[in-house]
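Below is one structure, written out as structure tokens; comments come after it.
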Amino acid sequence: MAKLPTPEELAKIDLNPPEKDWMDTPADIKPGMFCWGAKGKNLKILDFPNARDWSPAEEDWKLPKDWEGTVLEAFADKLSKYRSFKIFMDVCVRCGACADKCHFFIGSGDPKNMPVLRAELMRSVYRKYFTNSGKVLGKLAGARELDLAVLKEWWYYFYQCTECRRCSVFCPYGIDTAEITMMAREFFNLLGLNIDWIAGPVANCYMKGNHLGLEPHTIKSSIEFFLDDIETVTGIKIEPTFNRKGAEILFVTPSGDLFADPGTYTAMGYLMLFHELGLDYTWSTYASEGGNFGFFTSNEMAKRLNSKIYAEAKRLGVKWILGGECGHMWRVLNQYMDTWNGPADFMEVPTSPITGTRFENARSTKMVHITEFTADLIKHGKLKLDPSRNDHLKVTYHDSCNTARGMGLLEEPRYVLKSVCNNFYEMPDNTIREQTFCCGSGTGLNASENMELRMKGGLPRANAVKHVRDQHGVNMLANVCAIDRATLKAAMEYWVPDVSVCGTHELLANALVMKGEKERTQDLRLEPLPGKEVKE
Amino acid sequence: MKMLFSFFAVIFLALLGFAGGKSTSLQFIFGVVIPYAAVATFILGVIYRVADWARSPVPFRIPTTCGQQESLPWIKQSKIENPSTSMGVWARMALEVLLFRSLFRNTKMELREGPKISYGSDKWLWLAGLAFHWSFLVILIRHLRFFSEGVPLVIGITESLDSFLQVGVPLFYLTDAVILAAVTFLFLRRVFIPQVKYISQAADYFPLFLIFGIAVSGVLMRYFLKVHIVGVKEMAMGLVTLHPVIPEGIGVIFYIHLFLISVLFMYIPFSKLMHLGGVFLSPTRNLANNSRIVRHINPWNYPVHVHTYDEYEDDFREKMKSAGIPVEKE
Amino acid sequence: MRLKRLLSEKKSAVLRRWFDDIVETYPPDTSQFLKKQKNQFANPVGSTILQGIENIFDGLLKGLDKNEISPFLDNIIRIRAVQDFTPPQALSFIFLLKKIIRNEIAKEISDNELSEELLEFESEIDNLALISFDIYMQCREKLYEIKANEVKRMTFRLLQQANLLTEIKDEESDIKEHDFININTKGGS
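Line by line, the protein sequences are chains A, B and C. Just so we're aligned, residue 0 is where the first sequence starts under numbering that gives the first Met the number 0, counting upward by one. Just so we're aligned, residue 0 is where the second sequence starts under numbering that gives the first Met the number 0, counting upward by one. Just so we're aligned, residue 0 is where the third sequence starts under numbering that gives the first Met the number 0, counting upward by one.
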């Protein structure tokens, strides 16, 4: 009989790589860790190069001829266009301060998920082709050639970065791995190495105005379904308008909230709030996507998708734009939109028609975040709120990476939440605000085939939620991001099953006392409100 | 391997310096030609590198925000961690460059579980980094006395602060000990912290050994193997007034010291040591988060192909009409 | 039981060995991180293992039953079930304990004729292993359930308005699992 392996032997199989240099350890592309390759038809719609069906799991990636040349040419081009890229290639001293700050490293333990090493994957090639020391000294200077194994390693690990920028907070030079990941994805885009979870929504958004591919009449009917539910809960009939010229405000929000629970409840929250205020606003079916999966593909694609928002505002003649709860949408709106597609001089400085507050901090972009808008309303006492309706909830707040580290929207949502619920608890300091942990599924990595990756990446966030659950009995994780609402739901199901996920405006709408409403016995999820059950 | 290579490279360089100091025929090369070449390489190299970075534009305004944004008047903005004005950016940069703000962040800990050992290593990195860089600066300032007539006030103050312990003859400078300790620490953590060892390159060990060599040769010269100090001063003044002279009997250790410094100066522009310039140009730190207030211009912004509203309406006109959504063309 | 008394005296040594051995199942650079980073929010894997094994060991010594120990097993296994481990690798940590105990108290066992008690204790460890299989399977099933739930959440609204959503025409009709998901759940924002 053959000798059976001992537990020690079993435990160590494949896991203790020989003490080899990381450059000598090629990436092992493991199922559960990557997303499916993009379909040719979606790339064709967008006029992307090398449109064909392909699979990362297969040996042959069907790369175009002279792909190395394509990458190196693009590399030089990006170096000349982005100072950030050039400096981040040059100045890292490998101090290791970022090493244990990445949620993927913390959850997976894969050393190539340390931000510094993820960046070195690319820096090593940079040195070989763009620095003299690398050209002369080669490996000794930390340089290596670009070959197929390197490309696959890049692909594997740059699709394990959610561009959350947490590493950048701790880096003494502000080196931001997100910038490097963006460049890597630009290169992949040139070779047709897109993933379908991103390319599909991008194609949809380009042709139909939103990631989900909802056509105009479907958007309208989706929202009409919400109106029915709202009427059931409040007894109030709401009539929103679509593509209406002459409205004062254009409202743009991620389309994910029109379709998947629990985001849908947040969308209901917007509808109720705007109705209660009598706001002169309109939805648009053309600019029906606040999010921007193009941002996870290439700068050009992001701009192509984003252009619709200003174009639609101009066509409808609105005075300013109000944006819903979303993470990367707000990174784009705050740091990119005006530069790409501005100036938005055909609009006015956003001014709340209810309180008269001028949003000076958005005077050029003309776009206001919904929690800025709502916090201002609450501060001026313009909303009648009954926070006790949320008394069965113990709420904590997850800062979205992008709103925290690409904007600084920290107090506005907290102010809203504390005004609409009586039980609010913060997670530990090193897991919130600018140090917040990613949901583990950002930048278009929220597919299902990479669930193991998502769960690992979500572990640090879930771990902090678990802590406040154990300490304070927290049972609701609020946020201001549509991807969070979809992905934290999954992360909670796995790691902390008794915590639900919601948007901030869902809780607001639950607490909102509306004119002429019937006595509420249900929340927006059509679940009975404790203590207010209908007595038979 | 990477470590040994760097180690022997520095030993080799020190031996070169030794040879240069020993042989009178080489003294001119090692005492005049190489130092001039090093300074020229340093100045031109640094200018070239910074200009090269500056040549690439900053297309987008991408500060990493680490605090509350400028928002409604009653919400307190974090004016330094998330600046919206240039004053704020200056303050942020000053904290970053002078006090290593971001590295310090590592120490902020609230809850601890289990054994008492906490985030020590990270705090030590900040401390050692700060100690190293500040000592380096102080030592540099102290050395300026060799290049000036008399002793300017700044240098005098620096020296007296540095030697406030008032021990030893000649007076013991605190920074000499601090820089050696800090460099040793920075080296040891590369050896003993596995994550850091895993990411370290030869280019990380080399400057540490080189600076260690410079500091050791300097300390030997000042406290142990006394050199002919008047000669050194004479030589330095000669260099700086462009009338180089090679006084006799300075001592070979001085040539080792000088040669290693020359190597460091030449090495800086071509290495990661350029972080001293890069930190000022880093777009995630040196920009204000005001992109909603002032439009940031991208010099290479170009028109892109978009799917226009008209095309969209052409695709869906009938469906829109039957759903009661207004259209441009009936 | 003399054995259990002996083991509680040796508890910290056993736990340290056990923790180190579990952590050794990760790549070297990772294992150092897991050992050294003591902040539970910066290092949830390490701290979960550390707390988990202590509770499991205490449970064994106190003779707690399955329901009381399994939450602690669950915490550890839930993590290992999504990391790059095969099922035997993921669960091997239970069996490591046997060997550690034997090594740790080898002398006392032969001196005090404890082997019978040891056999009994080891069979309790075996029981833990059986429970662990169960937990591991639950975790893996949960992952698939989550995938299915995501699809369900997305398609719920779709079903509400059947025929109102169209998809960009797909030439081939090779509907695999991921195609199905893509059709219904594009993006999510």
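Glycine included, each C-beta is placed from N, C-alpha and C at the ideal position.
6 Å Cβ shell around B:Asp175 - same chain, five flanking residues per side excluded: Val218
Beta-carbon proximity check, A:Arg468 vs A:Val498, cutoff 8 Å: yes
Below 7 Å on C-beta distance, what does B:Tyr197 contact in chain A? Trp21 and Pro110
A:Asn449 - containing alpha helix (DSSP H), residue span: Note, A:Asn449: premise wrong, no alpha helix (DSSP H); not H, not E.
Give every residue of the same chain whose Cβ lies closer than 6 Å to the Cβ of B:Leu129, excluding the five residues on either side of it in the sequence, and list them in chain order. Phe99
In the DSSP assignment, find the unbroken beta strand (DSSP E) run with A:Leu249 in it and report its ends. Ile248 to Val251
List in chain order: all unbroken alpha helix (DSSP H) runs of 4+ residues lying wholly within the segment 208-293 of chain A. 215-233 and 262-276
Cβ shell of A:Gly124 (< 7 Å), same chain only, five flanking positions each side left out: The question names Gly, but residue 124 of chain A is Val in the sequence shown. Same-chain partners within the cutoff: Arg143, Leu145 and Val149.
Pick out whichever of C:Phe56, C:Asp19 and C:Ile99 has its Cα sitting closest to the Cα of C:Lys3. C:Phe56
Where does the unbroken beta strand (DSSP E) through A:Ala75 begin, and where does it stop? A:Ala75 -> not in any beta strand (DSSP E); alpha helix (DSSP H) instead, spanning Trp66 to Lys80.
Does the beta-carbon of A:His379 have 16 or more other beta-carbons within 10 angstroms, so that it is buried, or is it exposed? exposed
Can you name the residues that DSSP bridges to A:Arg519? Beta-bridge pairing links A:Arg519 to no other residue.
Using only alpha-carbon positions, find the residue among A:Glu371, A:Thr281, A:Arg362 and A:Ala73 that is nearest to B:Ile74. A:Glu371
If you compare alpha carbons, which of A:Pro386, A:Phe87 and A:Glu238 is closest to A:Leu528? A:Pro386
Buried or exposed: B:Met2, going by 16 or more other Cβ atoms within 10 Å of its Cβ? buried
With A:Ile44 as the anchor, note down where its alpha helix (DSSP H) starts and where it stops. Gly39 to Ile44
Using Cβ-Cβ distances below 7 Å, what residues of the segment 195-219 of chain A are close to chain B? Tyr205, Met206, Gly208, Glu214, Pro215, His216 and Lys219
Residues of the segment 73-94 of chain A in Cβ contact with chain B at a cutoff of 7 Å, in chain order, please. Leu78, Ser79, Lys80, Tyr81, Arg82, Ser83, Lys85, Ile86, Asp89, Val90, Cys91, Val92, Arg93 and Cys94
Counted within 10 angstroms of its Cβ, other Cβ atoms place B:Arg189 as buried (16 or more) or exposed: buried
Measuring alpha carbon to alpha carbon, tell me which of B:Met220, B:Ile61, B:Leu238 and B:Gln26 ends up nearest A:Ser83. B:Ile61
Taking the alpha carbon of A:Leu511 as the reference point, which residue from A:Ile229, A:Ala26, A:Gly39 and A:Arg51 has its own alpha carbon closest? A:Ile229
Please classify C:Ile0: is it buried, with 16 or more other beta-carbons within 10 angstroms of its beta-carbon, or exposed? Contrary to the premise, residue 0 of chain C reads as Met rather than Ile in this sequence. Under this definition C:Met0 is an exposed residue.
Is the distance from the Cβ of A:Lys302 to the Cβ of A:Asn340 below 8 Å? yes
C-beta neighbour in chain B for A:Cys160, strict 8 Å: no
Could you check if B:Ile10 is buried or exposed, using at least 16 other CB atoms within 10 Å of its CB as the buried criterion? exposed
For a minimum of 3 consecutive residues, which ranges assigned as the beta strand (DSSP E) are wholly contained in the segment 292-352 of chain A? 319-322
Any C-beta of chain B sitting closer than 8 Å to the C-beta of A:Lys236? no
Where B:Glu329 and A:Glu238 are concerned, what is the direct C-alpha to C-alpha distance, given to the nearest angstrom? 24 Å
Compute the beta-carbon to beta-carbon distance between A:Glu288 and A:Asn209, rounded to the nearest angstrom, for a pair I have assumed lies under 8 Å. 4 Å
What are the start and end residues of each continuous alpha helix (DSSP H) run of 4 or more residues lying completely inside the segment 52-125 of chain C, in chain order? 65-79, 86-103 and 105-111
Candidates A:Leu42, A:Val479, A:Glu57 and A:Lys207: closest to B:Tyr308 by CA position: A:Lys207
Verify the CB distance criterion: does A:Met113 have a CB-CB separation below 8 Å to chain B? yes
Using a Cβ-Cβ cutoff of less than 7 Å, which residues in the same chain neighbour A:Leu416 once the five nearest sequence positions on both sides are dropped? Val394, Tyr396, Phe423, Ala477, Thr503 and Leu506
Using a Cβ-Cβ distance cut-off of 8 Å, determine whether B:Pro325 contacts chain A. yes
Neighbourhood of C:Leu5 by C-beta distance below 7 Å, restricted to the same chain and skipping five residues each side: Ile104 and Glu107
Below 7 Å CB to CB, which residues in the same chain sit around A:Asp375 once its five sequence neighbours on both sides are set aside? Ser351, Thr354 and Thr356
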